[in-house]
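As structure tokens, the structure follows; a few thoughts come after it.
Protein chains: 2
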Amino acid sequence: MSYIVVVELSSTVEEPGEEGGSVRHLRRDAEMNRERVLASARELFAQYGLQTTLDEIAHHAGVGVGTVYRRFSSKEALVEALFEQRVQAIVDLANESLLIANSWEGFVHFLENLISMEASDRGLRELVLSNDYGGERLQALKDQVEAPASEIVERAKRDGYLREDFAATDIVVITAMLGTADEYCSQLVPGMWRRYFTYVLDGLRPSRTSSSEIAYRSLSMEEMKCAMGSWRRRFQRAT
Amino acid sequence: MSYIVVVELSSTVEEPGEEGGSVRHLRRDAEMNRERVLASARELFAQYGLQTTLDEIAHHAGVGVGTVYRRFSSKEALVEALFEQRVQAIVDLANESLLIANSWEGFVHFLENLISMEASDRGLRELVLSNDYGGERLQALKDQVEAPASEIVERAKRDGYLREDFAATDIVVITAMLGTADEYCSQLVPGMWRRYFTYVLDGLRPSRTSSSEIAYRSLSMEEMKCAMGSWRRRFQRAT
DNA sequence: TCTATGTGGAGAACTTATCTCCGCTTTATA
DNA sequence: TATAAAGCGGAGATAAGTTCTCCACATAGA
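One line per chain: the protein sequences are A and B, in this order. Following our numbering, the numbering of the first sequence begins with 192 at its first residue and continues without gaps. Following our numbering, the numbering of the second sequence begins with 192 at its first residue and continues without gaps.
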């Protein structure tokens, strides 16, 4: 359901003037604040997306903005530090899916986990689907998904599990679509993307004799109106 | 493919002080400018969404901002004037779809045309999917879609054309999903939503023996990267 | 105790919206 | 053609929001 990535970022400071490799540990209270900032950023970026301000992140972490900027030279730097491991996890997922013997199961494994990651983390979704954020290092990582993803698709098509007209690039769009679906409903029913994932997946088979069992109930009209009310409304107050 | 709604908005000015019904025509040049503003707003809202500024609309229309504000008291008023007829068109579409004898064809007719409208008009999509814009009158109009839409779904389910687990509220989410898909690709290949609509629709049948023929080719990897590059990037310059 | 290290958060600097105001221009009419 | 009423453009007032800096004060740790 949810995924956990242990982020282990350097808590040491490079001494710029001295000869190579010399590092110095942060003071204990400083180190704790740094971790609080990272946890806060992780949580708020995941919930509200990358437009979350560093003021909000600082406040949510219980520290001042200055403390954030002392540890991360800019917002961009914080984003990069935070998401590198998450993007790497996507690369790993693609390669790992290729090892599953049954090609349909491999395809589903990849797609389901990819969407699960992106649905539970709005910041990650924005990072993956756009080129606005993320420097060269993240871009290079993103490019590493292409080859295994193509092979996952070709393999499943070759075996007759996946409809012939499907292309690897469709994965990106389907990911975006289900991200939207989840963003729309998740405040009321977390994980609603699985409902629509079932529909889409049933549409990707060459043929089928029945419907897959659907995950999650549908929203009522009242709930839907509530979802509309909060759709894309700017995030108000992080506790 | 594309749809046309003739917008016929009052080009007269109410004389506030005088006894009821007295109206006065705009000067010819003023009338022309007013229409230019409406056309410009229609075009830019459709292409870039409701966050388009009135400065941009004015510039694109070849008039000053002052001229826009002289005719429409606020941005909200312009949006309301512009979209009332479009929302009414959705209500009409729902009722008209119920008149189609075959309930599956009625369902597809409704969904396809609804998504077509919303895909070709980002502003309309934002208006329909959120409650941020649009006053009471538009809200009341939107509510009129609910009853016929529910009947469209129930009818198709009753006849065994549509899978049992589908609900009327799913229409809203599917609309949002395909809107996203189109937003993602439309700069490169307009109408790409039809490709993903085929996948989704094939997933909504209780069962099927083959795949529907797919509309539109997939994007190449290069095109997809280009799409990522422009995804959600702020609109730059309206010619 | 003492100092290098760290802190908070006001506010500088910048951006981006909406909407107003006023000197000048144009239309319509007598 | 002369005149007044209507209309025009767009600079800029106003407000909100965001990134990032700075410095008087606090604290860990030798």
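Even glycine gets a Cβ: it sits at the ideal position worked out from N, Cα and C. Everything numeric in this text was worked out from a predicted model, so none of it was measured.
task: Let me know the secondary structure DSSP gives arginine 313 (chain B) once reduced to three states.
output: helix
message: Distance check for methionine 383 (chain B) and tyrosine 375 (chain B), CA to CA, integer angstroms please.
response: 9 Å
task: Measure the alpha-carbon distance for arginine 408 (chain B) versus alanine 358 (chain A) and round it to whole angstroms.
output: 9 Å
- prompt: Is any beta-carbon of chain A found at less than 7 Å from that of valine 278 (chain B)?
  reply: no
query: Any idea what DSSP makes of arginine 225 (chain B), helix, strand or coil?
result: helix
field: 6 Å CB neighbourhood of glutamine 242 (chain B) in its chain, flanking five on each side removed
entry: none
message: Contact defined as beta carbons within less than 8 Å: I believe alanine 338 (chain B) pairs with methionine 308 (chain B). What is the distance between those atoms, to the nearest angstrom?
response: Contact flag wrong, Cβ pair sits at about 19 Å.
message: Just verifying my parser: in three-state terms, what is the DSSP assignment at glycine 212 (chain B)?
response: Only weak support exists for where glycine 212 (chain B) lies, its pLDDT of 47 falling under 50; the coordinates are left without a value.
task: Please go through the same chain and pick out, in chain order, the residues whose beta-carbon is closer than 6 Å to the beta-carbon of glutamate 267 (chain B), but skip the five residues on each side of it.
output: none
- prompt: Which runs of the alpha helix (DSSP H) fall wholly inside the segment 223-302 of chain B and span at least 4 residues, in chain order?
  reply: 245-252, 256-262, 266-289
- prompt: According to DSSP, which residues form a beta bridge with arginine 399 (chain A)?
  reply: B:Arg399
task: Check each residue of the segment 335-349 of chain A: if its Cβ is closer than 7 Å to any Cβ of chain B, include it; give the result in chain order.
output: Glu337
task: Just the C-alpha distance for valine 380 (chain A) and serine 341 (chain B), rounded to the nearest angstrom, thanks.
output: 21 Å
query: Is it true that the CB of methionine 368 (chain B) sits closer than 7 Å to the CB of alanine 372 (chain A)?
result: yes
query: In terms of alpha-carbon separation, which member of A:Gly351, A:Gln238, A:Leu273, A:Tyr239 lies closest to valine 228 (chain A)?
result: A:Leu273
message: 7 Å is my cut-off, CB to CB: does aspartate 283 (chain B) come that close to chain A?
response: no
field: For leucine 289 (chain A) and arginine 354 (chain A), believed in contact at Cβ under 8 Å, the rounded distance
entry: The Cβ separation is near 20 Å, so there is no contact.
- request: Quick one: using the 10 Å Cβ neighbour count with 16 as the cut-off for buried, is methionine 223 (chain B) buried or exposed?
  value: exposed
task: Compare the beta carbon distance of serine 294 (chain B) and arginine 346 (chain B) with 7 Å and say whether it is the shorter of the two.
output: yes
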